[in-house]
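Participant:
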Amino acid sequence: MKAARLDSKSSRSRHGCLYSGKLMKVLVIGGGGREHALVWKLKQSPTVDRIFCAPGNAGTAAIADNVAIPATDVIQLRAFAKQNAIDLTVVGPDDPLALGIVDLFNADRLRIFGPTKAAARLESSKIFAKELMRAQKVPTAEAQTFSDSNHALDYCEQLKFPVVIKADGLALGKGVIIASDRAEAKTAINAMMNEMSFGDAGRRIVIEEFLRGTECSLHALVDGKNYRLLESARDHKRAFDGDEGPNTGGMGAFSPANNWNPQLQTTFETTIMQPLLEGLRKEGVAYRGLLYPGLMITGDGPRVLEFNCRFGDPETQALLPRLKSDLVPLLEATIDGTIDIHAIEWDERASVTVVLASAGYPGKYETGKKISGLGEAANPEAVQIFHAGTKVDNGEVVTAGGRVLAVTALGSTIKAARERAYEAVSVIRFDGCHYRRDIALSAATG
Ligand code: AMP
Ligand code: GLY
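One point on numbering: in our numbering, the residue at position 25 of the sequence shown is 132, and numbering is uninterrupted.
1) Check each candidate in A175, L279, P162 and V155 and name the one with the smallest Cα separation from D202.
2) First and last residue of the alpha helix (DSSP H) that includes V146?
3) Let me check you understand the geometry: is the CB of M403 closer than 7 Å to at least one non-hydrogen atom of the ligand AMP?
4) Between the Cα of R311 and those of N257, E291, I285 and Y334, spot the shortest distance and give me the residue it belongs to.
5) For V534, which three-state DSSP category applies?
6) Could you give the distance in angstroms between the alpha-carbon of A250 and the alpha-carbon of V313?
7) For the alpha helix (DSSP H) that S254 lies in, which residues bound it at each end?
8) Could you compute how far the alpha carbon of A165 sits from the alpha carbon of K293?
9) Identify the residues that DSSP records as bridge partners of F361: which are they?
10) Tell me whether A175 is buried or exposed, calling it buried when 16 or more other Cβ atoms sit within 10 Å of its Cβ.
11) Relative to the alpha-carbon of V499, which residue among D443, K476 and E483 has its alpha-carbon at the smallest distance?
12) So, with DSSP's three-state summary, where would you put C416?
13) Give the secondary structure of S231 by DSSP, where H, G and I count as helix, E and B as strand, and everything else as coil.
14) Cβ of E452 versus every heavy atom of the ligand GLY: is any distance shorter than 7 Å?
15) Please confirm if the region 205–215 is in contact with the region 368–383, defined as three or more CB-CB distances below 8 Å between the two stretches.
16) Does the region 491–510 come close enough to the region 461–473 that 3 or more CB-CB pairs lie under 8 Å?
17) Just curious, the alpha helix (DSSP H) that F493 is in, first and last residue?
18) Within the continuous beta strand (DSSP E) that includes P177, where are the two ends?
19) With DSSP as the reference, identify every bridge partner of G408, one or two as the case may be.
20) By Cβ distance below 7 Å, which residues in the same chain neighbour S120 in space, the five residues on each side in sequence not counted?
21) Within the chosen definition, does the region 427–434 reach the region 313–326 through at least 3 CB pairs nearer than 8 Å?
22) For R536 and I170, what's the separation of their Cα atoms in angstroms?
23) Quick one: residues in its chain with C-beta nearer than 8 Å to the C-beta of P409, no 5 flanking neighbours on either side, listed in chain order?
24) Roughly how many angstroms separate the alpha carbons of A227 and A393, rounded to a whole number?
25) Terminal residues of the continuous alpha helix (DSSP H) containing A513?
26) My output table needs one value for Y468: the three-state DSSP class, helix, strand or coil.
27) Using C-beta distances below 7 Å, list every residue in its chain close to R527, excluding the 5 sequence neighbours before and after it, in chain order.
28) Sorted by chain position, which residues of the same chain lie with C-beta nearer than 7 Å to M108's C-beta, five sequence neighbours on each side aside?
29) Does the contact criterion of 3 or more C-beta pairs under 8 Å hold for the region 288–305 versus the region 322–336?
30) Indicate, with yes or no, if the ligand GLY has a heavy atom lying under 7 Å from the CB of D433.
31) Return the Cβ separation of A484 and A531 in integer angstroms, given the expectation that the two are a contact with Cβ distance under 8 Å.
32) Rounded to the nearest angstrom, what separates S479 and L195 at their Cα positions?
33) From the DSSP output, read off the bridge partner residues of T321.
34) With 16 other CB atoms within 10 Å as the buried threshold, where does R241 fall?
35) Cutting at 7 Å between CB atoms, please list the residues of its own chain near K132, excluding the five before and the five after it.
36) Does D114 come out as helix, strand or coil in the three-state DSSP assignment?
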């Protein structure tokens, strides 16, 4: 009782509002821009007392306690959650989900946000996702799956190009190759299936139809039965302006998406979300967590490119600054199967996120470069600087990864948000910094 009273007092003083329930300790798993945005948003909840981030970055260190456990060390993470009486764990990246972190935590009655290993196969096995979509007639690219490289190589003889070749398993976003001719297709098949360039992830592959259109990212909080959609967003996957260069983890994002509308949303819900969840139920799989279908908006409507079983990066950095509702009750309702009784409130303003990357990214890059201008660039009302690959070294913030920062600005229009984001970017400096100059440009009219 005494502890609870003290807790609610500290909540009132820190957040300026009265919260009489038990204050929570939250653990966020991961160390990128998405996780900094999650920590930033969760920290605003009057229900949260303390946040840990494993392993975190310099941005999370400034507002939470970093814990030196890698996101894939699911056993140590469970031990940490137990020892520290963590009330809620939120999983950022895909690999711990595929390793079964949610099953492990559930077995120990530790509350965790994310799908089980079986449900996370939607992302960790492209073949599982394809088969489910086929069974439920969910619109997606026509595809064939192969576990024998000779069959895949033979199949190339009868194809029209381009085609898309995908490793079945998780490959750090690099397991998708768009082959513009037969030679490229064969090289990709050999690399994945014979040279094992993605390890086990490429043992089986999918060869699919190349879809034309524009991409859109939808995020849904799925509670096992019902779901709530978050606002739409768009990602920029290629490294350079004009969608040139290699694929990356994402060089920027904006929300709302300019290629989305209520009619597409209705089609998406009736032809994709509902049949998909129905298909999972038939398989005996209850999906609880964030489901983010990556869509191609084609002339025939939305078609699924892939499913992600976690928040998008950098979409999260664009979405969460627009989210007015407290995130904690939404995550809890997703776990408890009560998301249908929650409304989600959004800031009407648009957001634009620009990613600042190290020279060489997504290839080889150097780290340890001093970052300046962070304080000057931030503006709590309209500009958030989310850290990704950063760390504190001798009291200074230095680069520690490929994607270094995600700068998000809000504005009355995409154009206004975009101008504000680039203004903030212009005062941040580090050796070799590169970023796209055309994030959200297609949506910045008027
Ligand atoms: P994925 O990891 O499956 O989302 O693929 C990464 C990126 O490859 C997507 O964001 C698209 O830009 C592209 N892509 C994947 N599948 C296709 C497809 N069937 N047609 C065209 N582009 C695709
Ligand atoms: N934004 C792409 C991803 O999170 O997979």
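Cβ coordinates follow ideal geometry from the N, Cα and C atoms, glycine included.
Facilitator: According to the structure data:
1) L279
2) G140 to K150
3) yes
4) N257
5) coil
6) 6 Å
7) No alpha helix (DSSP H) holds S254; DSSP gives it neither H nor E.
8) 43 Å
9) R341 and V459
10) exposed
11) K476
12) coil
13) helix
14) no
15) no
16) yes
17) From DSSP, F493 is part of no alpha helix (DSSP H) but of the beta strand (DSSP E) over V490 to H494.
18) Where P177 is concerned, there is no enclosing beta strand (DSSP E), given that its DSSP letter is neither H nor E.
19) T405
20) Low per-residue confidence applies at S120: pLDDT is 41, beneath 50, and the placement is therefore not dependable, though the value from the model is reported in the following sentence. Result list for S120: empty, nothing under 7 Å.
21) no
22) 22 Å
23) P246, C323, L371, T374, F375, T378, I379, L402 and M403
24) 10 Å
25) First-last for A513: R510 to G518, but that is the beta strand (DSSP E), not the alpha helix (DSSP H).
26) coil
27) A489, V490, A516 and G518
28) Interpretation of M108 is limited by its pLDDT of 33, a score under 50 that renders its predicted location unreliable; the figure taken from the coordinates is listed afterwards. Nothing listed; no residue qualifies.
29) no
30) no
31) 4 Å
32) 34 Å
33) I404
34) exposed
35) D156, R157, N191, A192, I193 and D194
36) Any reading at D114 is ruled out, since the residue's pLDDT is 40, under 50, leaving its predicted position unreliable.
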